[in-house]
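Visitor: So the protein sequences, as listed, match chains A and B.
All you need for my numbering is the position in the first sequence, starting with 1, plus 2.
All you need for my numbering is the position in the second sequence, starting with 1, plus 2.
Even for Gly, the Cβ is constructed at its ideal location relative to N, Cα and C.
I have a structure I would like to understand better, so I am pasting it below and will then ask my questions one at a time.
2 protein chains.
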Amino acid sequence: MEFSEHIKTANVEDVVLRRPFHPPMQGTLCVTGHHLLFSNRDGDSSRLVLLLLRNIDAIEKSVENLLGYSSLFSSTGQSQRFDISVTPCVPSVSSGTITLKCKDLCVLQLDIPGMEECLNIARSIEYLSSLDIVSDMYPFFYRPLKLSLQDQWGLSSPEQNYAQMEELDRWRLSHVNKDYSVCPSYPPAVIVPHSIDDETLLKVAKFRQGGRFPVLCYYHRKNGMVIMRSSQPLTGANRKRCREDELLLQAVIDGSGLGYIIDTRSNQQAQQARMTGGGFESKSSYSCWKRLHRQLERGKVLQESLIKLVEACGDHSHSVDRWLSKLENSKWLSHVHTALATAGLLAECVERDGHSVLVHGSEGTDATLLVSSLAQLILDPNTRTLDGFLGLLEREWLLAGHPFQQRCAHSAYSHARLRLEAPVFVLLLDCVWQLARQFPLAMGFSEPLLLRLAMEVYASDYGTFLCNSDQERCAAGVKERTHCLFQFLLKPSEREHYSNPLYEPTELAIWPSIQPQSLQLWRGLFLRWTQHAVHLEKAQEELRNLVIECRGAS
Amino acid sequence: MEFSEHIKTANVEDVVLRRPFHPPMQGTLCVTGHHLLFSNRDGDSSRLVLLLLRNIDAIEKSVENLLGYSSLFSSTGQSQRFDISVTPCVPSVSSGTITLKCKDLCVLQLDIPGMEECLNIARSIEYLSSLDIVSDMYPFFYRPLKLSLQDQWGLSSPEQNYAQMEELDRWRLSHVNKDYSVCPSYPPAVIVPHSIDDETLLKVAKFRQGGRFPVLCYYHRKNGMVIMRSSQPLTGANRKRCREDELLLQAVIDGSGLGYIIDTRSNQQAQQARMTGGGFESKSSYSCWKRLHRQLERGKVLQESLIKLVEACGDHSHSVDRWLSKLENSKWLSHVHTALATAGLLAECVERDGHSVLVHGSEGTDATLLVSSLAQLILDPNTRTLDGFLGLLEREWLLAGHPFQQRCAHSAYSHARLRLEAPVFVLLLDCVWQLARQFPLAMGFSEPLLLRLAMEVYASDYGTFLCNSDQERCAAGVKERTHCLFQFLLKPSEREHYSNPLYEPTELAIWPSIQPQSLQLWRGLFLRWTQHAVHLEKAQEELRNLVIECRGAS
């Protein structure tokens, strides 16, 4: 694709940039295929602000002519196009203002002399910030000197994960999905009960939505219990059964007597799902499995919750009541609460009650992954190191088929009609932040890592979060033609920045308090740009330096 | 007074004590004149729990006899007496449970074998926890080995404070109140404009409620501006004037042109005060003073806010919505917000606008002190050291006549009819905590100090917070017959514990963000006993040790 045809005005002088924590800056604005570039020459030194166009969630334009006439248009990417014919044409003396609302929640403003220039630039941003074709996106163009495309992509493979397990006689690695034909959203290799052959898996896959048959995602060394995940069974209105599905689940609890199914929908939702071909594991067909329902919100409800929360955080009304009421109304902390509570329940089933658990909702690509990965953080000390946490994200989110491209197409500012967007991954990061806050010594990684991930998932130089599944990433050549974020974050220089200086590994499970009073708003993310976090950051930096210095000396 | 006549049962064996963060303990309960003493012999070591009776805010009894009949009575100190005649009399097999709700917000439970013993102990606690006579209170009996009654009492005197000022030709120390006859709630010496003689002060005192004529409480070195405080002028319905009062205020701004009056009541409240003899400084009589009204709540409203907040913090309903809604309903954070915002306004008048300010509400002993001391913390680096902060509390709260005994007679659990109680000082500590959280390097003291003060103000071994004024403390012999908390906190061993290891003094004013989003619930105080803060405390301790170790090495 030729980006230049979408850039009518590439350079404008005397633009004023306004952004949080900085005085306004005058300089030159430049639009490239993937960036806004703002530079000012302040005496000898020149300052540069680089903004990835992909980071822009919404853009608002206001143009003004000699007569003081001002008009405000707002649009987002492809949803609404700005119609130039409605604006008065006095270009020589008019100017315009573009407000950029970014996916990392930062809001910038550009005052641009010349109405036509302003409109041209706005149009370029609108188009280029919402490219649809994966191979047009910036990670395919990002070529830093220090990284090579020959570097390893990803952290580990299902093969390596399997090799680290115990009781290998009970579990096996199946390559039934090696060409992604059985389940397009699964990786080529998955771990299943040893006694279940590929023929059986094929039949089970047909009985589960999107082919997501039950696979192992966590093996608890202390007692040999496991966490499995899948999508819903397609029982439908006629309560269809699948003997192979029942066999597979029986094989999971073989010998241990009883298993739990945590359904991330309410009982009513699960019942209703039968009307559209979905369903749940009935007591009669799965007599050794006890079903527990915990309703986790997903999709539109979650997206709207984020939008309301961000709106509340940007409210400048100076009323405490109003703020708390808006915070409550957004329901975001309720979603955090439910996710942590359900993960706690899952972890309790495994560690305290000594039972294996199957988790699923309907598709098994959102709430299911949220709950299973939080439970692993609670139970498994290996997932709490920096490497282990990124490995968990790779296994449980990237390879497990969370549709990142669909879910993170827009963030909280877009006025676009939202369809598949949902901040499930941001909710995960928030829950992990709550865990880390409650157990400040137990995590090997730090808040800056979570903040960086919250940003990268929406707009990135790296290919890691592109596409919706491993299959799509392979098809697009992501692993050959882009760099891997996780590999980069583990390089020595970055590793130091994202490690927790207070880290003291513990083998114990970390049981989070799920009293509502124990949960806090993640100010580091949601109030990052709306208040002066500068003093707090300075103190954290000071602390970090002291501790590192101290540890180095001893 | 003979305490023993109020102790019918002094010892009970086989009592079970239940308290937060500890497993139940069986042992011997002992009631003394000022303490509950619980000891258990666990193998070789014996453990001891000591509870100051004064710390008990409310007590609930429930007795149970053979028939399983259970009755619950609740009472607080003197308000409601338990009537033994209503309880069934089967003492040999019955037992009772006493729930103790403490002023430090901790809730304990004692299971006591023997109904009569239980009732006797409850009756003793009820009586002894709410002694009225100051000289009966524990500080008059506390004689630790390390402290001597000959040690200095208090940190500094008005004379010393005056000696540290500049522009001594503009200000003088007046001893007009040396026998407390002019203003019973003021100290014997106060700082007033040099040109105003004691005769004039006598007349001004008659024109201000409780004799609280305007006195200097802060001198801003950078520009010579001052903060004065007083009570309301007694203008009454007839808009009475007092020439001497006008002269005094004129002398304050002599030369600088304009002063501000910050009235801590709404305009309407100030107008209404005229009906009961109070009032405000009218524009016509005080033409060089600009009046600003900021309504700060006090008294009953504030007390009820605390009660609601503590109730919300103890709610175990596991609903985030309910929690946030209760938090909002308590209005506590709104009070924090208003106090900080008003203090910020006051500090802005002094530092940014370069004007002197007079603060008052009606009595001038609550909101006035809150605002003036917070403004000093914002402006004056000397008040942000450990010594300086305790000195500020001494000057602006103890010597300035905040009626501690009345305000802190009960805390959030008491069912007693509240009359003069109000957690103004706790609100101050919360605001200081918010400041310290926003400026983690700027304060020389740490959260544990604020927590300790929040406890000591309600129940203490020390005499510091006894009585309602300097006059009362002198009359009761507090300074000769009790130990001084502030002196104790500054001893090397304590000082280390209460210092901020990250402290980096700054000469600059620290302007707090008063966006509602910037305020947080003070979990360290309000959720101290209701959730496991253990991990957080462990991390803080770790940090503290590291930093101290590190600073020591370098």
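Beta-carbon of residue 32 (chain B) versus every beta-carbon of chain A: anything under 9 Å?
Guide: One-based indexing of the second sequence puts residue 32 (chain B) at position 30. Answer no: the Cβ-Cβ gap between residue 32 (chain B) and chain A never drops below 9 Å.
Visitor: Using a Cβ cut-off of 9 Å, pull out every chain B residue sitting near residue 315 (chain A), in sequence order please.
Guide: Here residue 315 (chain A) is taken as the residue at index 313 of the first sequence, counted from 1. Ordered by position in chain B, the residues that pass the 9 Å Cβ test against residue 315 (chain A) are 519.
Visitor: Just reading off the beta strand (DSSP E) that residue 225 (chain B) is part of, what are its end residues?
Guide: The residue labelled residue 225 (chain B) in the question sits at position 223 within the second sequence. Residue 225 (chain B) -> no beta strand (DSSP E), and no H or E assigned at all.
Visitor: By the DSSP assignment, the beta strand (DSSP E) with residue 31 (chain A) in it spans what residues?
Guide: Locating residue 31 (chain A) in the first sequence gives position 29, counting from the first residue. Where residue 31 (chain A) is concerned, the enclosing beta strand (DSSP E) stretches over 27–33.
Visitor: What is the rounded straight-line gap between the Cα of residue 191 (chain B) and the Cα of residue 215 (chain B)?
Guide: Here residue 191 (chain B) is taken as the residue at index 189 of the second sequence, counted from 1. Here residue 215 (chain B) is taken as the residue at index 213 of the second sequence, counted from 1. Going by the C-alpha atoms only, they are around 13 Å apart.
Visitor: Would you list, in chain order, the members of the region 322–337 of chain B that have their beta-carbon closer than 8 Å to a beta-carbon of chain A?
Guide: The region 322–337 of chain B vs chain A, Cβ under 8 Å: 322, 323, 324, 325, 326, 327, 329, 330, 333, 335, 336.
Visitor: Measuring only between beta-carbons, confirm whether residue 525 (chain B) sits less than 9 Å from chain A.
Guide: Indexing the second sequence from 1 puts residue 525 (chain B) at position 523. True, the Cβ-Cβ gap to chain A drops below 9 Å.
Visitor: On a CA-only basis, which of B:543, B:548, B:530 is nearest residue 23 (chain B)? Give me that one, please.
Guide: The sequence position of residue 23 (chain B) within the second sequence is 21, counting from 1. The residue with the shortest Cα to Cα distance from residue 23 (chain B) is B:530.
Visitor: Which residues in the same chain have their Cβ closer than 6 Å to the Cβ of residue 557 (chain A), if we skip the five residues on either side of it in sequence?
Guide: Look at the range of chain A in this structure, 3 to 556, and you will see that residue 557 (chain A) is not part of it.
Visitor: Nearest chain A C-beta to residue 103 (chain B) closer than 9 Å, yes or no?
Guide: Here residue 103 (chain B) refers to the residue found at position 101 of the second sequence. It does not: the Cβ of residue 103 (chain B) has no partner Cβ on chain A nearer than 9 Å.
Visitor: Kindly list, in the order they appear in chain B, the residues whose Cβ is closer than 9 Å to that of residue 544 (chain A).
Guide: The residue you call residue 544 (chain A) lines up with position 542 of the first sequence. Simply 442, 443, 504, 506.
Visitor: What residues are listed by DSSP as bridge partners for residue 230 (chain A)?
Guide: By one-based count along the first sequence, residue 230 (chain A) stands at place 228. Bridge partners of residue 230 (chain A): A:218, A:360.
Visitor: Three or more beta-carbon pairs under 8 Å between the region 296–307 of chain A and the region 261–274 of chain A, yes or no?
Guide: The region 296–307 of chain A vs the region 261–274 of chain A: in contact.
Visitor: Assuming residue 483 (chain A) and residue 151 (chain A) make a contact with CB atoms under 8 Å, what is their CB distance in whole Å?
Guide: Numbered from 1 along the first sequence, position 481 holds the residue referred to as residue 483 (chain A). Numbered from 1 along the first sequence, position 149 holds the residue referred to as residue 151 (chain A). Sure, about 7 Å apart at Cβ, within 8 Å.
Visitor: Considering only residues of the region 327–402 of chain A, which uninterrupted beta strand (DSSP E) runs meet the minimum length of 3 residues and lie entirely inside it, listed in chain order?
Guide: Runs found: 358–362.
Visitor: Apply the 10 Å Cβ neighbour rule to residue 547 (chain A) and answer buried if 16 or more other Cβ atoms are within range, or exposed otherwise.
Guide: Here residue 547 (chain A) is taken as the residue at index 545 of the first sequence, counted from 1. With fewer than 16 other Cβ atoms within 10 Å, it is exposed.
Visitor: Assign residue 82 (chain A) to one of three DSSP states: helix, strand, or coil.
Guide: The sequence position of residue 82 (chain A) within the first sequence is 80, counting from 1. Residue placement at residue 82 (chain A) cannot be trusted, given a pLDDT of 36 that sits under 50; what the coordinates show is reported in the next sentence. In the structure shown, residue 82 (chain A) sits in coil (DSSP, three-state: anything other than H, G, I, E or B).
Visitor: For residue 124 (chain A), return the contacting residues in chain B, with the cut-off set at a CB-CB distance below 9 Å.
Guide: For the purposes of this step, residue 124 (chain A) is identified with residue 122 of the first sequence, where counting begins at 1. Near residue 124 (chain A) there are no residues of chain B at all, since even the closest Cβ is about 30 Å away, more than 9 Å.
Visitor: Once you ignore the five residues that flank residue 504 (chain A) on each side, which residues in its own chain have a CB closer than 8 Å to its CB?
Guide: As a first step, residue 504 (chain A) is located in the first sequence; it is residue number 502 there, counting from the start. Closer than 8 Å at Cβ, skipping near neighbours: 442, 443, 549.
Visitor: Exposed or buried, which one is residue 26 (chain B) when buried takes at least 16 other CB atoms within 10 Å?
Guide: Walking along the second sequence from the start, residue 26 (chain B) turns up at place 24. Per the 10 Å Cβ criterion, exposed.
Visitor: Have a look at residue 21 (chain B) and residue 233 (chain B) and give me their C-alpha separation to the nearest angstrom.
Guide: The residue given as residue 21 (chain B) occupies position 19 in the second sequence. The residue given as residue 233 (chain B) occupies position 231 in the second sequence. Distance between the alpha carbons of residue 21 (chain B) and residue 233 (chain B) is about 44 Å.
Visitor: Below 8 Å, how does it come out for the region 276–292 of chain B and the region 392–407 of chain B: are there three or more Cβ pairs, yes or no?
Guide: The region 276–292 of chain B vs the region 392–407 of chain B: no contact.
Visitor: Does the CB of residue 541 (chain B) have a neighbour CB from chain A at under 9 Å?
Guide: By one-based count along the second sequence, residue 541 (chain B) stands at place 539. Output row for residue 541 (chain B): interface = yes.
Visitor: Flag residue 80 (chain A) as yes if its beta-carbon sits less than 9 Å from any beta-carbon of chain B, otherwise no.
Guide: By one-based count along the first sequence, residue 80 (chain A) stands at place 78. Because the pLDDT of residue 80 (chain A) is 38, which lies under 50, any placement of that residue in the model is unreliable, and the question is left without a value.
Visitor: Counting only runs that start and end within the region 230–313 of chain B, where is the alpha helix (DSSP H) found for 4 or more residues in a row?
Guide: The region 230–313 of chain B contains these whole alpha helix (DSSP H) runs: 245–254, 269–275.
Visitor: Starting from residue 113 (chain A), follow its DSSP beta bridges and name the residues at the other end.
Guide: Translated into the one-based positions of the first sequence, residue 113 (chain A) becomes position 111. Per DSSP, A:18, A:99.
Visitor: Are the beta-carbon atoms belonging to residue 291 (chain A) and residue 257 (chain A) less than 9 Å from one another?
Guide: Taking the first sequence and counting its residues from 1, one reaches residue 291 (chain A) at position 289. Taking the first sequence and counting its residues from 1, one reaches residue 257 (chain A) at position 255. For residue 291 (chain A) and residue 257 (chain A), no; Cβs fall outside 9 Å.
Visitor: Can you pull the chain B residues whose beta carbon is under 8 Å from the beta carbon of residue 17 (chain A), in chain order?
Guide: In the first sequence, residue 17 (chain A) corresponds to position 15, counting from 1. What residue 17 (chain A) touches in chain B: nothing, since even the nearest Cβ is about 29 Å away.
Visitor: Under 9 Å between C-beta atoms, does residue 307 (chain A) make it to chain B?
Guide: Taking the first residue of the first sequence as position 1, residue 307 (chain A) is located at position 305. It does not: the Cβ of residue 307 (chain A) has no partner Cβ on chain B nearer than 9 Å.
Visitor: Give a yes or no on whether 9 Å exceeds the smallest Cβ distance from residue 77 (chain A) to chain B.
Guide: By one-based count along the first sequence, residue 77 (chain A) stands at place 75. Residue placement at residue 77 (chain A) is flagged as unreliable, the pLDDT there being 43, under the threshold of 50; a coordinate-derived value is accordingly withheld.
Visitor: Are any of the Cβ atoms in chain A nearer than 9 Å to that of residue 87 (chain B)?
Guide: Mapped onto the second sequence, residue 87 (chain B) falls at position 85. Reliability fails at residue 87 (chain B), whose pLDDT of 39 lies under 50, so the model's placement of it is uncertain and the value that follows must be treated cautiously. Answer no: the Cβ-Cβ gap between residue 87 (chain B) and chain A never drops below 9 Å.
Visitor: Using only the alpha-carbon positions, how far apart do residue 385 (chain A) and residue 526 (chain B) sit?
Guide: On the first sequence, residue 385 (chain A) is found 383 positions in, with the first residue counted as 1. On the second sequence, residue 526 (chain B) is found 524 positions in, with the first residue counted as 1. Those two C-alpha atoms are separated by around 29 Å.
Visitor: Counting only the same chain and skipping the five closest in sequence on each side, list residues whose C-beta sits under 7 Å from that of residue 207 (chain A).
Guide: Numbered from its first residue, the first sequence carries residue 207 (chain A) at position 205. Only 184, 185, 213, 215 meet the Cβ criterion.
Visitor: Thinking C-alpha only, which one of A:32, A:393, A:172, A:64 is nearest residue 54 (chain A)?
Guide: Taking the first sequence and counting its residues from 1, the one referred to as residue 54 (chain A) is at position 52. Out of A:32, A:393, A:172, A:64, A:32 has the C-alpha closest to the C-alpha of residue 54 (chain A).
Visitor: Output, in sequence order along the chain, the residues in the region 183–195 of chain A whose CB is closer than 7 Å to any CB in chain B.
Guide: Under the 7 Å Cβ criterion, the region 183–195 of chain A contributes no residue.
Visitor: Compare the C-alpha of residue 188 (chain B) against each of B:381, B:112, B:171, B:218 and name the closest.
Guide: Here residue 188 (chain B) is taken as the residue at index 186 of the second sequence, counted from 1. The candidate whose alpha carbon is nearest that of residue 188 (chain B) is B:218.
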